[in-house]
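> Residues 11 to 74 in our numbering are what the sequence shown lists, from first letter to last.
By construction, the Cβ of each residue, glycine as well, lies at the ideal position given by its N, Cα and C atoms.
These figures come from a predicted structure and were not determined experimentally.
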Amino acid sequence: MLEGLIGHKFLNADVYFIDYLPSQLMAQDVFQVCGAALVLSFLATLYPAWRAARTQPAEALRYE
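#1: Measure the C-alpha to C-alpha separation of residue 50 and residue 15 and round it to an integer number of angstroms.
#2: Assuming residue 45 is part of the alpha helix (DSSP H), what are its boundary residues?
#3: If you draw a straight line from the alpha carbon of residue 56 to that of residue 28, how long is it in whole angstroms?
#4: On the DSSP letters alone, give me the boundaries of the alpha helix (DSSP H) that residue 67 sits inside.
#5: Going straight from the alpha carbon of residue 54 to that of residue 47, what length do you get?
#6: Kindly indicate which three-state DSSP category residue 28 falls into: helix, strand or coil?
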């Protein structure tokens with residue numbers, strides 16, 4: 011599809027055994043990837059938030 015839009019063949023049939031990349035997009039895979047990304051993003055925010063909650067305001071302002 012991208013080759014048709016651009017007008018350039020990336021996988022030339024003379025060079026490669028296949029002239030397309032077989033792929034299958036399944037809704038379950040999309041939901042799993044999105045869910046994993048959300049969970050990892052949430053977990054990545056916990057440590058900085060925990061550190062910020064433990065810091066006293068006067069201590070944080072001292073270095074500004």
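Short version:
#1: 35 Å
#2: 37-64
#3: 46 Å
#4: 67-72
#5: 10 Å
#6: coil
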